[in-house]
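Undergrad: Structure below; questions to follow.
Residue numbers (mature numbering (1 follows the signal peptide of the UniProt record, and there is no 0)): -18 to -1, 1 to 1063.
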């Protein structure tokens, strides 16, 4: 038994934004016409709400009970702005506890394509591998034609290494009874090397909204099929190669071949969690070296539900590709999927045992499998291929690449371990990976360290190359780990300055006791998260290190040179698995280093940091002493039609007793239920009867204990009953089950999950009330020791309640936001699309008050105004009541404009008075004294007349930048005569006038054509946000349909709210409600 104490496993989904600037971030968000709603009352109420408000209910979102996906066909399917009105109406429904409009999430597959010519040039510069390949005696061990190309299975890596799968096969483990689903672009269900193992119950098509995951046959949707072949390609046939778990059931989810949003991810992650054992995902946010992104609120809930309730309480297994951003020096710790305690994050090694060019280094990587390297130099992965016409020369490939190919190999090995021990939990699998992965095949690469428990670990490869043989051997003997505890340190929120000088190191430390003496005590570490909020520009300059009390230093973040437009990490939980097995107690040291090459203009700030320790209070590693149960089949001596392989091919005897028999293993969807545990001891059946004593031919008596039923007993006492009147507890009959137990259908008292005080079943999701020191997560019906992110703690009810949809985190109530989803800004505890008037958006995505002199602004300073109050004028970013000497007030522009050269006071066209040493000429210009006696194209210099530059008509000096007027058609701009105005100026009356403050380009005073910074263009003016009647569209404000007050797009059916007295119906505004609608108040 174990309990998951989940808290802070993810930071704010947008806690560290990948886009730069507020306007850029919001402009990048694309909203859909789908809304996720939480209706705890059930589907009937959700259907009723959908019908009344004009939605279609697409049903429950994956495994999330009470969460439904509603779609409104009159809302634009893609819009740059959220639909506030529809959100409001849904939120006002009494049965709706939470609502979230879906927005697009950019997700990419983790393989790669390459330029053949480029790579062929590179490969010619590299020495060829001199790998020793063991020669075949006659035919391959498997007859499958590409098995000989599966070098990572048959000793074809450098020095004869591979994933050591053969001994696991030799033991008879082939994945039988284990179900794996590939979350990707679909799988080809009729592929001849997959069809025998295909499982429709592990498959669906989210993109096409049906149950068939068959990909589009357009050449771009091979990815999922290739991954499926690595896991469960059928063995002993004439197609392609073999899967690692070649008798596992394989399914696929088609989710990447279309628009991806939070609901799509949650549906995929929560598909049939009591049937699917392993979910394999080879995708994630963009690996571009500047994105920081993770799962949204629905996907986060799906992960939590999976590990707490999936596999009937043992926890779903999520295997994830760590990322292909190596060429962009990306870090997989900036990917919220691989940077999660719930996923086995898998990296790649080349055939030669080196780091491939695409590998991302980070501290969350758990282990490694082989994959592709440099094309033309290292081999790639051989597997099945997608081809709709099933052409024999197109259904296989030897070119599967990247960490995309590594994760399915790991999933296959995990399937073998689950076959060896079906009782393994999600945490058990992670322990097995940590304890059995091998560093020695990869130690040619630098960067290995020995942690505090003498285990080698690397930022490139985690704990090393996975070993299938060692995994299944340890799984056979494994005893489930104890309950997971979470210990949170205090949050240190003292602002500390990060100096901008290159190489500067900010040092901070924290002394912790591992929550000693509490229910959260952690003495043996698993995962450690360092939750950090900081501001530093550019963010990519930073390197962050964390050192444990036992001296292990883990790099939480490497420098990312491409991350140059963002400055913040907001509560981002950097994960490290490098401290596995160490103690938590002692001093932890944090270092934040300005290690990048980009110039830094101003200091940064470490705002706050906190450590979260996951682990156990007692030693988690225990093994069985009794002989494990072996597979229930025996291998035949020889398979008809197949020839064995000689020892000359394999230099060990690992295959010597493994014989081929292609028809012996048929992939099944459901493992058989066993009544014998792995230690050989009997366990009660779930529907067992309350029959107690074994007769052994003893005489039946009828003077029995009151708890015996009418069948009698064999002696005195409640443990001698033939059967129980009420309930059975161990070997005795009882009148009722004790606390923390429930009665099954056979009347047997079984223990509740240890997180439950009372329950209706054994699972973690069957609690009625929670055990002491636990909180009920209301919408997931599980008890946890602390509330996860996205929930607030209702202490009176001992309940974790979900935050409102627009909040990423909240406190005290659902609507009291403390941080926002990444497209919103925080203002007064509420998340808004943009800041209200007289406020500006700060670097940490909240709204702050402008200076009192500003009407709108870009910062708090007096010189950061964008527009001014009606009675004041703009002057170099400030708002002033009167213009100073040397300027005149342009009432149309509402700006102080500089007078011409030598003018002390002026109008827009003429000087009125001149500065000393200047005099007013006949044209109203101030010229040097004495210039009136010179020719028109001359100026006075110490009593002598000198020629102006040839570009000038009149001047006050001899250079081309000292003109007063210009000959036609030249234009005067800042005392220089030009043929056309420079950027930021426009032509007016023979001169170049500067564009209005906030415009970067313009055609006239009233017609800006592009805006500076984060301002938005609306009707020729640059604004901090669009006015009512307009919607944002790629940095400009476009007009709504004339009947809309606010809108999400230009059509008449895209209104979000209506003018006073008008009514909204199906996205349109009407003076009265149409007869077919019902007016709602």
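All C-beta atoms, glycine included, are put in the ideal place defined by N, C-alpha and C.
From residue 872 to residue 892, what distance separates their C-alpha atoms?
TA: Going from the Cα of residue 872 to the Cα of residue 892 covers about 13 angstroms.
Undergrad: Which residue marks the beginning of the beta strand (DSSP E) containing residue 52, and which one marks its end?
TA: That run of the beta strand (DSSP E) goes 49 to 53.
Undergrad: Pick out whichever of 877, 465, 527 and 428 has its Cα sitting closest to the Cα of residue 490.
TA: Minimum Cα distance to residue 490 is reached at 527.
Undergrad: Whose CA, out of 836, 841, 858 and 997, lies closest to the CA of residue 852?
TA: Among 836, 841, 858 and 997, the Cα nearest to that of residue 852 is on 836.
Undergrad: Mind checking which residues open and close the alpha helix (DSSP H) that includes residue 390?
TA: Where residue 390 is concerned, the enclosing alpha helix (DSSP H) stretches over 384 to 402.
Undergrad: Is DSSP giving residue 1044 helix, strand or coil here?
TA: Residue state, collapsed to three classes: coil.
Undergrad: Going by CA-CA distance only, name the one from 832, 82, 216 and 173 that's closest to residue 196.
TA: The option with the nearest alpha carbon to residue 196 is 173.
Undergrad: Just to confirm my understanding: we take residue 672, look at its own chain, exclude 5 residues before and 5 after, and list those with CB closer than 8 angstroms. What are they?
TA: Note that residue 672 scores a pLDDT of 49, beneath 50, so its modelled location is shaky and nothing firm can be said.
Undergrad: Residue 793 and residue 807 look like a contact to me (Cβ under 8 angstroms); what is the Cβ gap, rounded to whole Å?
TA: In fact, because the Cβ distance is near 18 angstroms, the residues do not count as touching under 8 angstroms.
Undergrad: For residue 493, which residues from the same chain have a beta carbon less than 6 angstroms from its beta carbon, with the 5 sequence-adjacent residues on both sides left out?
TA: Excluding residues within five positions, the ones whose Cβ falls inside 6 angstroms are 569.
Undergrad: Confirm, please, whether the CB-CB distance from residue 799 to residue 813 is below 9 angstroms.
TA: Taking 9 angstroms as the Cβ cut-off, residue 813 and residue 799 qualify as a contacting pair.
Undergrad: On the DSSP bridge list, what partners appear for residue 809?
TA: Answer is 812.
Undergrad: Cα separation between residue 743 and residue 712?
TA: Those two C-alpha atoms are separated by around 17 angstroms.
Undergrad: Strictly by DSSP, which residues pair up with residue 570?
TA: Answer is 492, bridged to residue 570.
Undergrad: Compare the Cα-Cα distances from residue 193 to each of 369, 184 and 201 and report the closest residue.
TA: When each option's Cα is compared against that of residue 193, the closest is 184.
Undergrad: Give me whichever residues DSSP pairs with residue 151 in a beta bridge.
TA: Bridge partners of residue 151: none, in fact.
Undergrad: Exposed or buried, what is residue 266 when buried is set at 16 or more other beta-carbons lying within 10 Å of its beta-carbon?
TA: Per the 10 Å Cβ criterion, buried.
Undergrad: Could you spell out the range, first to last residue, of the alpha helix (DSSP H) harbouring residue 451?
TA: Residue 451 -> alpha helix (DSSP H) spans 450 to 459.
Undergrad: Can you round the beta-carbon distance between residue 206 and residue 166 to whole angstroms, since I take them to be within the 8 angstroms contact cut?
TA: The pair is a contact, with the Cβ atoms about 3 angstroms apart (cut-off 8 angstroms).
Undergrad: Taking 8 angstroms as the threshold, find out whether the stretch 267 to 280 comes into contact with the stretch 221 to 237 through three or more Cβ pairs.
TA: Segments in contact, no.
Undergrad: Buried or exposed for residue 584, please, with buried defined as at least 16 other CB atoms from any protein chain shown within 10 angstroms of its CB.
TA: It counts as exposed.
Undergrad: With a Cβ-Cβ cutoff of 9 angstroms, do residue 444 and residue 350 count as a contact?
TA: Their beta carbons are under 9 angstroms apart, which means residue 444 touches residue 350 by this criterion.
Undergrad: Excluding the five sequence neighbours on either side, which residues of its own chain have a C-beta within less than 7 angstroms of the C-beta of residue 457, listed in chain order?
TA: For residue 457, where only same-chain residues beyond five positions count, the Cβ hits under 7 angstroms are 399, 402, 403, 406 and 414.
Undergrad: Do three or more CB pairs link the stretch 587 to 595 to the stretch 539 to 546 at distances below 8 angstroms?
TA: Not touching, per the Cβ criterion.
Undergrad: Just verifying my parser: in three-state terms, what is the DSSP assignment at residue 237?
TA: Coil.
Undergrad: When DSSP labels each residue in this structure, what does residue 215 get in the three-state scheme?
TA: Looking at residue 215 - three-state DSSP - the assignment turns out to be coil, as it is neither helix nor strand.
Undergrad: Indicate whether residue 314 and residue 343 have their beta-carbon atoms separated by less than 9 angstroms.
TA: Yes; because the gap between Cβ atoms is below 9 angstroms, this pair is in contact.
Undergrad: Which two residues bound the contiguous alpha helix (DSSP H) that contains residue 29?
TA: Unbroken alpha helix (DSSP H) run through residue 29: 25 to 35.
Undergrad: Do residue 854 and residue 838 have their CB atoms nearer than 9 angstroms?
TA: No.
Undergrad: Buried or exposed: where does residue 191 fall if 16 or more other Cβ atoms within 10 Å of its Cβ makes it buried?
TA: Exposed, by the Cβ-count rule.
Undergrad: For residue 514, report the span of its beta strand (DSSP E) as first-last.
TA: Note, residue 514: beta strand (DSSP E), 506 to 517.
Undergrad: When you compare the stretch 120 to 138 with the stretch 434 to 441, are there three or more beta-carbon pairs, one atom per stretch, that lie closer than 8 angstroms?
TA: Too few Cβ pairs lie closer than 8 angstroms, so no.
Undergrad: Residues in the same chain with beta-carbon distance under 6 angstroms from residue 966, minus the five sequence neighbours each way, listed in chain order, please.
TA: 977.
Undergrad: Can you grab the Cα-Cα spacing for the pair residue 549 / residue 519, in whole Å?
TA: Roughly 5 angstroms separates the two Cα atoms.
Undergrad: Say whether the stretch 370 to 388 touches the stretch 284 to 291, bearing in mind that this needs 3 or more beta-carbon pairs closer than 8 angstroms, one atom from each stretch.
TA: Because the criterion of three Cβ pairs below 8 angstroms is not met, the stretch 370 to 388 and the stretch 284 to 291 do not touch.
Undergrad: If I follow the unbroken beta strand (DSSP E) through residue 757, where does it start and stop?
TA: Looking at the DSSP string, the run of the beta strand (DSSP E) that includes residue 757 is 757 to 759.
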